[in-house]
Amino acid sequence: MKKLMRKEKGVSGKLLLLLLVMMVTVMFIVACDDAETPTTDTPGTTDTTDVADTTDTDEPTEPTEPTEITDATEVTIWFMGASVEDDAAVIEAANARLAELGAGVTINPIWTGGWAMGDPAQVALDTGDNSIDIFWTGSWGLNFWTNASVGNFIRLDNPDNDLLARYGQDMYAAVPEALWDAFTTDGPLGFGIYGIPGYKDYAQMYAWDVNNTRLEELGFDFDELFDENGINYAVFFDPQFEAAMVAAKEMYGDTFFPLLIEPETFVRAASNADLDLTGLSAFHFSFDPSNPANPVDPTIGLNLENEDFLAVIDRLHHFWNQGFIDPRLAIPGESSTVLVETAIAGEYLFSQVVYAYGHTAAASDLRGIDARFPPMSRPLVSSVSAAGSGFAISVYSQNQEAAMRFMNAWYTDNQLAVILSEGVEGIHWNADADGLIVLDHDARAGYAPWRFGMGNIFVLTPRDTDGVGYFDRFQAYNAAGTGTSLLGFTFDSEPVGLEIASLQGVVDQFHQSLTVGAIDPATAVEEYLSALRANGIDVVLAELNAQLQAFYAAR
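So for the sequence shown, numbering that gives the first Met the number 0 puts the first residue at 0; every next one is plus one.
1) Please state if the CB of Ile-106 and the CB of Val-83 are separated by a distance shorter than 7 Å.
2) Three-state secondary structure (DSSP) at Val-417?
3) With a 10 Å radius around its C-beta and 16 neighbouring C-beta atoms as the bar for buried, classify Thr-514 as buried or exposed.
4) First and last residue of the alpha helix (DSSP H) that includes Thr-522?
5) Based on the DSSP output, what are the partners of Phe-282 in its beta bridges?
6) Would you list the one or two residues that DSSP bridges to Asp-185?
7) Would you decide whether Leu-497 is buried or exposed? Buried here means 16 or more other CB atoms lie within 10 Å of its CB.
8) So the candidates are Phe-323, Val-266, Ile-192; which of them puts its Cα closest to the Cα of Asp-253?
9) Can you list, in chain order, the residues of its chain with a C-beta nearer than 6 Å to that of Glu-263? Leave out the 5 residues immediately preceding and following it.
10) Please give the ranges of any beta strand (DSSP E) in the stretch 292-366, keeping only runs that are unbroken, at least 3 residues long and fully inside the region.
11) Per DSSP, what kind of secondary structure is Asp-537 in: helix, strand or coil?
12) I'd like to know whether the C-beta atoms of Phe-490 and Leu-276 end up nearer to each other than 7 Å.
13) Give the single residue among Ala-88, Gly-487, Ser-501 whose Cα lies nearest to the Cα of Ala-553.
14) For Asn-142, which of Gly-278, Phe-457, Ala-88, Phe-240 has the nearest alpha-carbon?
15) Are the beta-carbon atoms of Asn-398 and Thr-72 separated by less than 7 Å?
16) Give me, in chain order, the residues of the same chain whose beta-carbon lies closer than 6 Å to that of Asn-556; leave out the 5 immediate sequence neighbours on both sides.
17) For a test of the three-state rule: what should DSSP assign to Ile-195, helix, strand or coil?
18) Nearest to Ala-206 by CA position, among Asp-159, Arg-96, Ile-90, Pro-373, is which residue?
19) Please decide whether Pro-257 counts as near chain B, where near means a Cβ-Cβ distance under 7 Å.
20) Does DSSP put Leu-97 in a helix, a strand or coil?
21) Starting from the C-beta of Ser-396, find all residues in its chain whose C-beta is less than 7 Å away, skip the five residues before and the five after it, and write them out in chain order.
22) Taking the continuous alpha helix (DSSP H) assigned at Trp-77, which residues delimit it?
23) Buried or exposed for Glu-61, please, with buried defined as at least 16 other CB atoms from any protein chain shown within 10 angstroms of its CB.
24) Taking 7 Å as the limit between beta carbons, can you name the residues of its chain near Gly-194, skipping five residues before and five after?
25) Hey, Met-79 and Gly-167: beta-carbon distance below 7 Å or not?
26) Taking Cβ positions, are Ala-92 and Ile-418 nearer each other than 7 Å?
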C-alpha cells in the first residue's frame, strides 16, 4: 500500500508554469459512500510518440495488433477520497484476478485520506514524476482540463499510438458517449480523448437539503413548503420559509443557525446558473430550471448584473442579519469543515446539495434524521458533472500500455471491480440470499475507498442497502438528466491568463462573504464590480463569449 508515499523511481527537474486550477466543491460526496469519513529525458518511454496532431476522432480507430504480453508490469495508480489503512488482502486478490484475466499487470495503489489528493498529485505531475502511472482526475481536485491542455496526460486515441483502440475497446463500449465527450479536449497532440471517465452519477440536480425531523418538531408541514416532484428554488422567497427559521431560533437558541449554505454554490443553485468554467465564480449562465437545456440567454453575463443572482444575495443578507447563518461560513479555509460537520450532526433546518442518486437514504442514516431533498431544478448534465470523476495516464509514465490494460480490465470485470471497491469476499463482505453484498463494517474500517470514485460502478454487484435492481434505477436517474447548453464546452484561459490571475485576488476579497450574506449588497456590489472592471473582467467576458459562440457554431 502507498499512502501519500511513493517508492522513488526518479524525479526530473522539469517545472511547468504555475497552473490556475479551477476548484469545484462537491460536498455531497461525503454522504454517498461509507468512506465518508523521474529521471527521464522525455515524457514516457513506451511506444507513445509526442508528435503534434490535430486529427479529430469521434471514437477509437481500428486497432492494431497489441504488443505481446510476457511478464506482469506493476502499475501505480493514485486514488482520490479513501479511508484505507490495510489493503494487503485486497491487492493480493486483485492481482490474482488480473493474472486470471491475462492482463499482464499488477497494481500498486496510492490512497489519499479524505479529499486532499489534488495538491500533492499536481506537484508530482509538475515535477515530471514517473513513479505514478495513473492519476484520478476530474472537474475538481486534480483538474482534468488544465492538466490535459498542458500535456501532463497522454492522448489515449493518439492516431500514432492509439492505446484506446489497442487495449481499451471493451472499456470504451461500456461507458456512455456523453462521458467520453467530457474527457475530450484540446491538448498538445490535438483534439482528442485525454482521460477515462468515471462512470457513476453524471446527472446532477440542485436540491434543498431539509432536516424534516426538526421541521416537524417546529410544527411545519414539509408538503406545504415543498413539492418533492416539482421545482422548488422559489421557496427561498416564501414567507413560510423565513417563518420556520424564526421558529427554529426561538426553540433552539442563538447558537443554532437554521440556514446552512455553501458559499457560491447555493447562490448559483438558487439563481439557476451553470458553473462558471473560468474558475472565478464571476460569470452567470442562466438556464430554465424546468428544462436545463434551454439557456435563458445564449450569452454569458456577470453575476453582479444578473437580476436573479442579485435577488438571492439580497435575501441572504437579510437572513444573515436575522442570525440564521453561521458566521464561520464566511471564513475562507473554515467554511468547508463547518458545512460538513454541521450537516452530519443534523444541526440545521435548511441546506442545499448538488444531489447524487441515493443520497436520501445515505444522509438520513448517517445523520440520524429524516433528511429530504426536494429539487431546485430538473436533473442536468454539464461538463462539470460529466467530468466529476475519472482517470488519466501520466505522460511521464513508463508503463502506458500496461496502464491501459489495467483500466480496461477494471472497467469491465465484475470480480476485479468488486475486489477493489468493496474488498475481499469472506473478509470485507459476504453475499446474502439475493446475491447482494453485505459489508462487514468492522473489517471495512481498514478498507473503505470512495465507491463513486472507483471507475465503473455499474459493473459492481449492488449492496444489500442498495436493494435488487439498484443499478437499473441508477441508470434511469442518469438517463433523466438533461444536458445544459454548455455540455462539452471547455474554456481556454490562456488568451486571458494575466487578467484571470489579476481578477482572482478581487474575487477572493469579496465573493465568499457576498455569497453567504455577510456583507451588504447595497454597497458591496458596486465596489466589487468596479474592482472587477479595473482588473479586466470585461476582457475575460468577451473572450469567454467568443469561445462559447465558436463552440455553438461548431456544434
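Ideal placement from N, C-alpha and C gives every residue a C-beta, glycine not left out.
Let's see:
1) The beta carbons of Val-83 and Ile-106 sit no closer together than 7 Å.
2) Here DSSP, grouped into helix, strand and coil, assigns Val-417 to helix.
3) By the Cβ-count criterion, Thr-514 is buried, with 16 or more other Cβ atoms from all chains shown falling within 10 Å of its own Cβ.
4) Unbroken alpha helix (DSSP H) run through Thr-522: 520-533.
5) Leu-301.
6) Listed as beta-bridge partners of Asp-185 by DSSP are Phe-190.
7) Around the Cβ of Leu-497, a 10 Å sphere holds fewer than 16 other Cβ atoms; the residue is exposed.
8) Residue Phe-323 holds the alpha-carbon nearest to the alpha-carbon of Asp-253 among Phe-323, Val-266, Ile-192.
9) So the qualifying residues of the chain are Ser-280, Thr-514.
10) If we require 3 residues or more, the beta strand (DSSP E) runs fully inside the stretch 292-366 come out as 349-354.
11) In the displayed model, Asp-537 falls within a helix according to three-state DSSP.
12) It is a contact, given that the beta carbons lie within the stated cut-off.
13) Checked all of Ala-88, Gly-487, Ser-501; the closest Cα to Ala-553 is Gly-487.
14) Relative to the Cα of Asn-142, the nearest Cα in the group Gly-278, Phe-457, Ala-88, Phe-240 belongs to Gly-278.
15) In this structure, Thr-72 lies closer than 7 Å to Asn-398 by Cβ.
16) Any answer about residue 556 is impossible in this case: the structure gives the chain only from 0 up to 554.
17) Ile-195 falls in the strand class under three-state DSSP.
18) Answer by Cα proximity: Pro-373.
19) Going by chain labels, chain B is absent from the structure shown, which holds only one protein chain.
20) In this structure, Leu-97 counts as helix in the three-state DSSP scheme.
21) Hits under 7 Å: Gly-43, Asn-129, Asp-132, Ala-402.
22) Annotation: Trp-77 is outside any alpha helix (DSSP H); the continuous beta strand (DSSP E) that includes it extends over 72-77.
23) Unreliable placement is indicated for Glu-61, whose pLDDT of 49 sits below 50; no coordinate value is reported for it.
24) Excluding the 5 residues flanking it on each side, Gly-194 has same chain C-beta neighbours closer than 7 Å at Thr-136, Phe-143, Ala-147, Phe-152, Phe-182, Gly-389, Phe-390, Ala-391, in chain order.
25) No, these two residues do not count as a Cβ contact at 7 Å.
26) In terms of Cβ geometry, Ala-92 and Ile-418 form a close pair [threshold 7 Å].
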